[in-house]
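Scroll down for the structure; my scribbles are underneath it.
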Amino acid sequence: MQLNLEELKNNISELDILWITGIFIVLMTLSSLIVKRLLRRPSALTGASRELLEKVLDSSEESVLVLSSSYQVVYLNTLMIKLLGLKPNNTSNQINQSIKIKVNKKWLRLDELIESELVSSGNKVYNLEHTQLRIHEKGTIPATMHIIQNSQMDDEWKYIVTLQDLRYLRYEEECRALAHRHNVTKLPNQNQALEEINLLFAKTHLIKGKIVFIVVEIDNFLKLRSLLGYEQSTKIIIKLANYLVSRSEKDAFSVYHMYSNDFLLVMKDVADPQTALNFVEELQAELKRFYKMQDVRMYLTASVGVSIYPDSGNTRNLLDNAYKALCEAKSRGHGQVHVFIPEQARFVFDELTLYNEMHLALENNEFELYYQPLMDAKNREVVSAEALIRWIHPVHGMIPPDAFIPIMEKTGFIIEVGQYIFNEVLKQQKRWELFKFKQIPVSINVSMIEIESGNFLGQVEKKLQESRVDPGLIVFEVTEGKAMESEKSTLKVFHELHKLGVRIALDDFGTGYTSFSYIKKFPADVLKIDRSFMEHILVKPEDQRIVLGMIELAHNLEMQVTVEGVENQQVADLMASYGCDYLQGYHFSKPLPSFEFQKLLR
Ligand code: C2E
Ligand code: CA
-15 MQLNLEELKN NISELDILWI TGIFIVLMTL SSLIVKRLLR RPSALTGASR ELLEKVLDSS
45 EESVLVLSSS YQVVYLNTLM IKLLGLKPNN TSNQINQSIK IKVNKKWLRL DELIESELVS
105 SGNKVYNLEH TQLRIHEKGT IPATMHIIQN SQMDDEWKYI VTLQDLRYLR YEEECRALAH
165 RHNVTKLPNQ NQALEEINLL FAKTHLIKGK IVFIVVEIDN FLKLRSLLGY EQSTKIIIKL
225 ANYLVSRSEK DAFSVYHMYS NDFLLVMKDV ADPQTALNFV EELQAELKRF YKMQDVRMYL
285 TASVGVSIYP DSGNTRNLLD NAYKALCEAK SRGHGQVHVF IPEQARFVFD ELTLYNEMHL
345 ALENNEFELY YQPLMDAKNR EVVSAEALIR WIHPVHGMIP PDAFIPIMEK TGFIIEVGQY
405 IFNEVLKQQK RWELFKFKQI PVSINVSMIE IESGNFLGQV EKKLQESRVD PGLIVFEVTE
465 GKAMESEKST LKVFHELHKL GVRIALDDFG TGYTSFSYIK KFPADVLKID RSFMEHILVK
525 PEDQRIVLGM IELAHNLEMQ VTVEGVENQQ VADLMASYGC DYLQGYHFSK PLPSFEFQKL
585 LR
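Oh and the sequence shown: position 364 is 348 in the working numbering, straight run, nothing missing.
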């Protein structure tokens, strides 16, 4: 809108300019509510200010109509003229007769609507969302309508009606939807896939089963396209899309049409990945008798790449890994299926190589702490966490601790890494405190080598003081068998740690041969029953008796009990019924990177 304020200044008072400019600025937002407020200003509009106001309304993105108290048209903006299909110089006074509005299944004229909804009810404002308008000779259109009764101005500017033509809105929505649909099959495309995958990953801790990504790509598609032509080859794609959609409900997966001839299938909660592979096999068989062109059956094959969370790595590269697997499948010929195997599984860990690389890894920040929640057995809330180290190797991917901790222990490097882990946990506790997350104790696994190293106690004390982390937020876990072998001097360290206020847990309990007299002397606060006992607990009365005995023993010694390896609800309930205090296991959550874990603390 072009406004010549200089020109206007000559005609109207300074005061008028002030508030008119105000109107202009505010009205740029063009909401009908703002129109309403402006027209309610106590002072009647002068000729010039009305002119300006009309100009402003003219630039509105809504259609505006002003009626007098006797429903005569006082003003229509350009959009309203267009909407009603009027000629600019013929803005008839009968205008309100030519629109019918659907209200509660009845078609009303504008004056009828105003009479019933504003005049007789005494309301000042009337809003009608998502209704329909019948406009003379223009048919029915979806619209939203607002009417304001202006009681403070002259009778001439009595009712301000604004209309929003929803056809344009729908068009915009359709455009937005199109950006998330593949133009050939109308299936959700890669944009939609990425959005939904991110949402899915944000909820991995709630998913009990595995997540399986399957990428299906029709083999030799370019050749098919050049042989069959665009139309026929597109039909193949559409047929495959329809087949996948038809199977998606039964086999519980989402289908995305990613690029020209490849589809991504996402299975969100799979108990056994073999079911996904069975589906892939059926798909391959289906493709072979899939497409007939002029009575000639085409023999089609597809290459398939599969990645599985958590087996194939973390969520961050699950999609990439599925595509890597697809590449591998394609490199082996047509109709092949390949499941992504992380480097760690393929790589035969060579102790010497790992040992050499670990020093650099510490410098390069390749170690990361994952956190696994421990739940209160009664109310199943997160009450603490265990920090578990991961080595994110630049070439081999994630290396599990069992592959490198023993080497670190053998070489003494665990002392340095142990300090790093302790520092990281302290930093994490500070961060959670700062960002007002629920503060929970974090357990740190420590090797006896660290405890026996001489200055373990001093380091812990110093770092606790420096960081000002409450010692009650730290638990050290030591493996039962190893702790029990410790000398008197080491036992003293545990007692000293206890005095500092940190707590001690006896890990993997039940796998060593602890003597009753020794355990009495050991200052443990928590006893963690080894996860091997949980494997057959539901069917082995013998294991049930042992576990019950261990819980009783611990409680008699005023220790609390955690069971690890809780993988399903029945085991969780059984352990709770045994009086166990904390539950830990995949049933609740796998170990998670801190940014994912902290969502559990909100
Ligand atoms: P752990 O202390 O017995 O740790 C528990 C292990 O059980 C973890 O394996 C965890 O991922 C796994 N786990 C948890 N819930 C379940 C479940 O429901 N089912 C099954 N099958 N497994 C479950 P992870 O993280 O591979 O750690 C293995 C071992 O490595 C640990 O055994 C611990 O001894 C050692 N470790 C891990 N992090 C550290 C560390 O920071 N320092 C030291 N010294 N040792 C560590
Ligand atoms: Ca542990």
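We treat Cβ as the ideally placed atom computed from N, Cα and C, and that holds for glycine.
This one's a predicted model, so the numbers in the text were calculated from it and none came from an experiment.
Can you say whether residue i is buried or exposed, counting buried as having 16 or more other CB atoms within 10 angstroms of its CB?
| i | result |
| --- | --- |
| Pro390 | exposed |
| Phe581 | buried |
| Pro26 | Interpretation of Pro26 is limited by its pLDDT of 34, a score under 50 that renders its predicted location unreliable; the figure taken from the coordinates is listed afterwards. Under this definition Pro26 is an exposed residue. |
| Glu183 | At residue 183 the sequence reads Leu, which differs from the Glu that was named. Per the 10 Å Cβ criterion, exposed. |
| Ser104 | exposed |
| Asn245 | buried |
| Phe572 | buried |
| Leu206 | exposed |
| Ala369 | buried |
| Lys524 | exposed |
| Tyr143 | buried |
| Gly442 | exposed |
| Asp256 | exposed |
| Ala313 | buried |
| Pro378 | exposed |
| Ala260 | buried |
| Val145 | buried |
| Phe419 | exposed |
| Ser210 | exposed |
| Asn298 | buried |
For the alpha helix (DSSP H) containing residue i, list its first residue and its last residue.
| i | result |
| --- | --- |
| Ile221 | Tyr214 to Ser232 |
| Ile389 | Pro385 to Thr395 |
| Gly600 | In the structure as shown, the chain begins at -15 and stops at 586. Residue 600 is therefore absent and cannot be evaluated. |
| Phe197 | Careful: Phe197 lies outside any alpha helix (DSSP H), inside the beta strand (DSSP E) at Lys194 to Ile202. |
| Met534 | Pro525 to Asn540 |
| Leu336 | Glu335 to Glu347 |
| Val321 | Element bounds for Val321: not the alpha helix (DSSP H) but the beta strand (DSSP E), Val321 to Val323. |
| Asn305 | Leu302 to Ser315 |
| Asp557 | Gln553 to Ser561 |
Can you give the Cα-Cα distance for residue i and residue j, rounded to whole angstroms?
| i | j | result |
| --- | --- | --- |
| Gly496 | Glu548 | 16 Å |
| Val109 | Asn88 | 18 Å |
| Asp386 | Ile220 | 48 Å |
| Ile7 | Lys39 | Only weak support is given to the placement of Ile7: the predicted model assigns it a pLDDT of 44, under 50, and the value that follows is read from those uncertain coordinates. If I take the Cα positions, the gap works out to 11 Å. |
| Leu567 | Glu157 | 47 Å |
| Val321 | Ser287 | 6 Å |
| Asn111 | Arg160 | 27 Å |
| Lys272 | Gly319 | 10 Å |
| Ile488 | Val323 | 42 Å |
| Leu2 | Ala163 | Note that Leu2 scores a pLDDT of 41, beneath 50, so its modelled location is shaky and nothing firm can be said. |
| Ile98 | Val57 | 14 Å |
| Val444 | Lys476 | 15 Å |
| Gly521 | Phe460 | Reading the sequence as shown, one finds Ile at residue 521 and not Gly. Their backbone Cα atoms lie some 27 Å apart in a straight line. |
| Asn552 | Ala560 | 13 Å |
| Gln528 | Gly563 | 13 Å |
| Trp416 | Gly456 | 15 Å |
| Gly569 | Gln449 | 33 Å |
| Ala556 | Asn439 | 39 Å |
| Leu178 | Arg364 | 32 Å |
| Leu344 | Val409 | 21 Å |
| Gln356 | Gln216 | 52 Å |
What are the start and end residues of the beta strand (DSSP E) that includes residue i?
| i | result |
| --- | --- |
| Ala592 | Residue 592 is absent from the structure shown; the chain starts at -15 and stops at 586. |
| Met359 | Phe351 to Asp360 |
| Ala589 | The shown model of the chain, from -15 to 586, leaves out residue 589, and the question about it has no answer. |
| Ser578 | Unbroken run through Ser578 is the alpha helix (DSSP H), Ser578 to Phe581; no beta strand (DSSP E). |
| Leu57 | Correcting the residue identity first, residue 57 is Val in this sequence and not Leu. Counting along the chain, the beta strand (DSSP E) containing Val57 begins and ends at Val57 to Leu60. |
Where DSSP assigns a beta bridge to residue i, which residues make up the other side?
| i | result |
| --- | --- |
| Asn429 | Glu461 |
| Met468 | Per DSSP, none; premise fails for Met468. |
| Leu511 | Leu490 and Val545 |
| Asn107 | DSSP lists no partner for Asn107. |
| Glu370 | Gln356 and Ser427 |
| Ile398 | DSSP lists no partner for Ile398. |
| Lys86 | Trp91 |
| Leu70 | DSSP output for Leu70 lists no bridge partner at all. |
| Ser47 | Leu147 |
| Tyr566 | Asp360 and Thr546 |
| Gln381 | Before going further, note that residue 381 is Gly rather than Gln in the sequence given. DSSP lists His377 as partners of Gly381. |
*Considering only residues of the region 140 to 183, which uninterrupted alpha helix (DSSP H) runs meet the minimum length of 4 residues and lie entirely inside it, listed in chain order?*
Taking only runs of at least 4 residues, the alpha helix (DSSP H) segments lying wholly in the region 140 to 183 are 150 to 162.
*Inside the region 244 to 299 only - alpha helix (DSSP H) runs reaching at least 4 residues*: Counting whole runs of 4 or more residues, the region 244 to 299 contains the alpha helix (DSSP H) stretches 257 to 272.
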